[in-house]
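These notes concern the structure reproduced below.
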Amino acid sequence: MLSIFSSAGAKARLLAAALAIPCAAADFDTLIRGARVIDGTGNPWVRADVGLRSGKVAAMGTLDGKTADRVIEANGRVAAPGFIDVHTHVEREVEKIPRGDNFLLDGVTTIVTGNCGGSRTNLAEWFAKLDQSGLGLNVSTLIGHNSVRAEVMGTANRAATPEEIASMQVIVEKAMRDGAVGFSTGLIYIPGTYSNTGEVVALAKAAAKHGGVYASHMRDEGEKITEAIDEAVRVGREANMRVQISHFKIDNRSLWGASVRSLELVEKYRREGVDVVVDQYPYDHSSTNLGITLPSWALADGRDAVLERLRSASTRARIKTEMLAHLKVKGQPDYSYATVGSYEIDRSLEGKTISEINTARGRAATPENEAETILDILEKGLPSMVYHSMGMEDVERIMRYPNTAIASDGGIREFGVGVPHPRSYGTNARVLAEFVRSRKVLTLEDAIRRMTSLPARTFGFKDRGQIREGFAADIVIFDPARVQDKATYQKPHQYTEGFDYVLVNGTVMVEEGKVASRAGGRVVRRQ
Numbered sequence: 002m003l004s005i006f007s008s009a010g011a012k013a014r015l016l017a018a019a020l021a022i023p024c025a026a027a028d029f030d031t032l033i034r035g036a037r038v039i040d041g042t043g044n045p046w047v048r049a050d051v052g053l054r055s056g057k058v059a060a061m062g063t064l065d066g067k068t069a070d071r072v073i074e075a076n077g078r079v080a081a082p083g084f085i086d087v088h089t090h091v092e093r094e095v096e097k098i099p100r101g102d103n104f105l106l107d108g109v110t111t112i113v114t115g116n117c118g119g120s121r122t123n124l125a126e127w128f129a130k131l132d133q134s135g136l137g138l139n140v141s142t143l144i145g146h147n148s149v150r151a152e153v154m155g156t157a158n159r160a161a162t163p164e165e166i167a168s169m170q171v172i173v174e175k176a177m178r179d180g181a182v183g184f185s186t187g188l189i190y191i192p193g194t195y196s197n198t199g200e201v202v203a204l205a206k207a208a209a210k211h212g213g214v215y216a217s218h219m220r221d222e223g224e225k226i227t228e229a230i231d232e233a234v235r236v237g238r239e240a241n242m243r244v245q246i247s248h249f250k251i252d253n254r255s256l257w258g259a260s261v262r263s264l265e266l267v268e269k270y271r272r273e274g275v276d277v278v279v280d281q282y283p284y285d286h287s288s289t290n291l292g293i294t295l296p297s298w299a300l301a302d303g304r305d306a307v308l309e310r311l312r313s314a315s316t317r318a319r320i321k322t323e324m325l326a327h328l329k330v331k332g333q334p335d336y337s338y339a340t341v342g343s344y345e346i347d348r349s350l351e352g353k354t355i356s357e358i359n360t361a362r363g364r365a366a367t368p369e370n371e372a373e374t375i376l377d378i379l380e381k382g383l384p385s386m387v388y389h390s391m392g393m394e395d396v397e398r399i400m401r402y403p404n405t406a407i408a409s410d411g412g413i414r415e416f417g418v419g420v421p422h423p424r425s426y427g428t429n430a431r432v433l434a435e436f437v438r439s440r441k442v443l444t445l446e447d448a449i450r451r452m453t454s455l456p457a458r459t460f461g462f463k464d465r466g467q468i469r470e471g472f473a474a475d476i477v478i479f480d481p482a483r484v485q486d487k488a489t490y491q492k493p494h495q496y497t498e499g500f501d502y503v504l505v506n507g508t509v510m511v512e513e514g515k516v517a518s519r520a521g522g523r524v525v526r527r528q
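If you count the sequence shown from 1, position 477 lands on 478 in this note's numbering, and the numbers rise without skipping.
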């Protein structure tokens, strides 16, 4: 018989051994139970559980008996891939507001910036900053033609020399090696508007070597849209790369309805074997700067040269003459279609049309006087604008086209500052509420496809855009009957309602409609 002392010692040894055995690890970090899963491919939803581990989708199906560190009860709500917004402009704001609340609350988990030819050019340096900034969502970028050209040539209004093209190609190739997903142009903006097609093709080829996409804000989206589409497709053909036509629209009031022909042309090129697709935002107002109301030659060679032209009576008169001719071509009777969105120099102008500003300055309500008011404003600074230039008939027709992705053309917004376009807050919710639920233009599954797998496929995100085992755990959970955009043109600073959970790389960034103080995002480099 063991003594009491030896028995106590054995018990102690057994206890110590038990404590040394680790508790069984949970099957998943997070388990989403009882969801209607829309996987992003366009397939009908299926009822399933989704298990997440180490930032990836680990399993999907009936996961009864599985354990997790965190369980989210979907209770029949939709679980979809996080939305991929492939047309944004966040270069200025993302370092200041790295969480990106306005995007997260609209279900967006990945954005592509560097569009319309404008980007950072030293991507290695910029990515290093972003990696340390505490991103709330994933950020990817294109390398922008205008920025590259400005670095080599400034804003000179002339063709590039062979030596300058070679220098620009070096910058593009380095950006691609550093992780850019493609090459973008903004051919209505300086200095890219001064380039010829041959220059664009040469730089696109530098990006194509690394598998990049060509994303183009074309030279025209109204009167000469056919020629503009032809040019975009030519670049893709000659560079042997996919083509994404940005914010596809008809922005000429006198041509509303012409999307029938522009879409037919895109589809014709697809039948010929050109991989060309488009994106759009679901609004009939566009947004860019006030400078586009001037002829492009007037904006060349830097700020001092522009001011010199504006202060020359004869040159100013010529500029106004061309402005009014362009206004007539666009089918606009005056500048009441143009509203100031953000103007740091004079916040009192924000939210007012050019016509209203002109009248407030004591001038008669004529297009000539309104053009003069525009030039007065531009002498002091360059405001961003919101333009009512599109028709809803075209917006709806373009949305029905199967190869149209949804993209905001928005940015990360400082809440309450300025009167920006509402698309930065409500793009995806507006599609789901207005064009799926109300107008029934799209099915829910197809709308999700346009926000997820379609843009992922075009921009080469091989592990995003679907709820699928091994893919990144970027997921939104919502009730499609409750999702609603709140932002309006008059009051744009209003967050979307209804996206209850948003997970970025498995990190819960939105919980029951509230943004969490976490950093789930990262830089997504070209794969």
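Beta carbons: idealized from backbone N, C-alpha and C, even for Gly.
Bear in mind that the values here come from a model prediction, so they are computed numbers and not experimental data.
Using a threshold of 8 Å, state whether the C-beta atoms of alanine 216 and alanine 240 are closer than that.
To locate residue 216, count along the sequence shown from 1; it is residue 215. To locate residue 240, count along the sequence shown from 1; it is residue 239. Contact: no.
Cα-Cα separation, arginine 348 to alanine 203:
The count along the sequence shown starts at 1 and reaches residue 348 at position 347. The count along the sequence shown starts at 1 and reaches residue 203 at position 202. About 42 Å.
If you run the structure through DSSP and keep just helix, strand and coil, what is methionine 61?
In the sequence shown, residue 61 corresponds to position 60, counting from 1. Correct three-state label for methionine 61: strand.
Let's test the definition: count the other Cβ atoms within 10 Å of the Cβ of threonine 68 and tell me whether it reaches 16, buried, or not, exposed.
Mapped onto the sequence shown, residue 68 falls at position 67. Counting Cβ neighbours within 10 Å, threonine 68 comes out exposed, since fewer than 16 surround it.
Find the nearest neighbour of valine 51 within the set Ile33, Pro45, Val442, Ala161, judged by alpha-carbon distance.
Your numbering for residue 51 matches position 50 in the sequence shown. Comparing Cα positions, the closest option is Ile33.
Let me check one thing: in DSSP terms, what residues is serine 196 bridge-paired to?
Indexing the sequence shown from 1 puts residue 196 at position 195. Bridge partners of serine 196: none, in fact.
Of the residues Glu126, Val109, Lys97, the one placed nearest valine 509, counting alpha carbons only:
Residue mapping note: residue 509 aligns to position 508 of the sequence shown, counting from 1. Measuring from the Cα of valine 509, the nearest candidate turns out to be Val109.
Check whether the region 413-431 touches the region 255-274, taking contact to mean three or more Cβ pairs, one atom from each stretch, closer than 8 Å.
no
Exposed or buried, what is methionine 177 when buried is set at 16 or more other beta-carbons lying within 10 Å of its beta-carbon?
If you number the sequence shown from 1, residue 177 lands on position 176. The residue in question, methionine 177, is buried, as its Cβ has 16 or more Cβ neighbours within 10 Å.
Using alpha carbons as the reference points, say which of Glu371, Ala314, Thr294 lies closest to isoleucine 355.
The residue you call residue 355 lines up with position 354 of the sequence shown. Checked all of Glu371, Ala314, Thr294; the closest Cα to isoleucine 355 is Glu371.
So, are the CB atoms of aspartate 530 and glutamine 245 less than 8 Å apart?
Shown here, the chain extends from 2 to 528; a query on residue 530 therefore has no answer.
Near threonine 405, what residues of its chain come up, given a Cβ to Cβ distance below 6 Å and the 5 sequence neighbours on each side ignored?
Working through the sequence shown from its first residue, we reach residue 405 at position 404. These residues qualify, in order along the chain: Val279, Gln281, Ile399.
Of the listed residues Gly183, Leu308, Phe29, Leu264, nearest to glycine 66 (C-alpha basis):
Here residue 66 corresponds to residue number 65 of the sequence shown, with the count starting at 1. The residue with the shortest Cα to Cα distance from glycine 66 is Phe29.
Just checking my contact of phenylalanine 436 with proline 283 at CB under 8 Å: how many whole Å lie between their CB atoms?
For the purposes of this step, residue 436 is identified with residue 435 of the sequence shown, where counting begins at 1. For the purposes of this step, residue 283 is identified with residue 282 of the sequence shown, where counting begins at 1. Contact flag correct, Cβ pair sits at about 6 Å.
Contained alpha helix (DSSP H) runs [length at least 4] in the region 445-500, N- to C-terminal order:
445-452, 454-460
By DSSP, does histidine 286 sit in helix, in strand, or in coil?
Position 285 of the sequence shown, counting from 1, holds the residue named residue 286. Note: histidine 286 maps to coil in three-state DSSP.
Mapping the DSSP letters down to three states, classify asparagine 139 as helix, strand or coil.
Taking the first residue of the sequence shown as position 1, residue 139 is located at position 138. The answer is strand: DSSP assigns asparagine 139 an E or B state.
May I ask you to list the residues that DSSP assigns as paired with phenylalanine 184?
Taking the first residue of the sequence shown as position 1, residue 184 is located at position 183. Beta-bridge pairing links phenylalanine 184 to Ile144, Tyr215.
With DSSP collapsed to three states, give me the class of threonine 110.
Numbered from its first residue, the sequence shown carries residue 110 at position 109. Strand, per DSSP.
Quick one: using the 10 Å Cβ neighbour count with 16 as the cut-off for buried, is valine 182 buried or exposed?
For the purposes of this step, residue 182 is taken as the residue at position 181 of the sequence shown. Burial call: buried.
Are the region 80-90 and the region 450-460 touching, with three or more C-beta to C-beta distances below 8 Å?
yes
When the Cα of valine 234 is compared with those of Lys250, Ala488, Ala205, Ala408, which residue comes out closest?
Start at 1 with the first residue of the sequence shown, and residue 234 comes out as number 233. Looking at the Cα atoms, Ala205 is the closest of the given residues.
Would you mind reading off the limits of the beta strand (DSSP E) that contains threonine 68?
Position 67 of the sequence shown, counting from 1, holds the residue named residue 68. Element bounds for threonine 68: n/a, residue is neither H nor E.
Does DSSP classify proline 163 as helix, strand or coil?
Here the question's residue 163 lines up with position 162 in the sequence shown. Helix, per DSSP.
Report back the beta-carbon spacing between leucine 445 and proline 481 to the nearest angstrom; my notes put them in contact at under 8 Å.
If you number the sequence shown from 1, residue 445 lands on position 444. If you number the sequence shown from 1, residue 481 lands on position 480. Contact flag correct, Cβ pair sits at about 6 Å.
Between the region 135-146 and the region 515-522, can you find at least three pairs of beta-carbon atoms closer than 8 Å?
yes
According to the neighbour-count rule (16 or more other Cβ atoms, all chains shown, within 10 Å of its Cβ), is arginine 48 buried or exposed?
Translated into positions along the sequence shown, residue 48 becomes position 47. By the 10 Å Cβ count, arginine 48 comes out exposed.
Three-state secondary structure assigned by DSSP to arginine 34:
Stepping through the sequence shown from its first residue, residue 34 is reached at position 33. Strand, per DSSP.
So, for glutamate 222: in the same chain, excluding its five sequence neighbours on each side, which residues have a beta-carbon less than 6 Å away from its beta-carbon?
In the sequence shown, the residue the question calls residue 222 occupies position 221. Only Lys250, Asp252 meet the Cβ criterion.
Starting from the Cα of glutamate 498, find the closest Cα among Ile98, Val477, Gly507 and give me that residue.
By one-based count along the sequence shown, residue 498 stands at place 497. Measuring from the Cα of glutamate 498, the nearest candidate turns out to be Val477.
Alpha carbons only, please: which of Val72, Glu309, Val95, Arg121 is nearest the one belonging to leucine 131?
Taking the sequence shown and counting its residues from 1, the one referred to as residue 131 is at position 130. With distances taken between Cα atoms, leucine 131 lies closest to Val95.
Let me know the secondary structure DSSP gives alanine 416 once reduced to three states.
For the purposes of this step, residue 416 is taken as residue 415 along the sequence shown, with counting starting at 1. Checking the sequence, you will find phenylalanine at residue 416 rather than alanine. Of the three classes helix, strand and coil, the one that applies to phenylalanine 416 here is coil, per DSSP.
Length at least 4, wholly inside the region 219-287: the alpha helix (DSSP H) runs in chain order:
226-240, 260-272
Rounded to a whole number of angstroms, what is the C-alpha to C-alpha distance between tyrosine 402 and glutamine 495?
Along the sequence shown, one-based indexing puts residue 402 at 401. Along the sequence shown, one-based indexing puts residue 495 at 494. So the two alpha carbons sit approximately 29 Å from each other.
What residue from Val516, Ala125, Arg319, Asp410 has the CA that sits closest to valine 525's CA?
As a working note, residue 525 is residue 524 in the sequence shown. Per the Cα distances, Ala125.
How do the region 383-390 and the region 336-346 stand: do at least 3 beta-carbon pairs fall below 8 Å, yes or no?
yes
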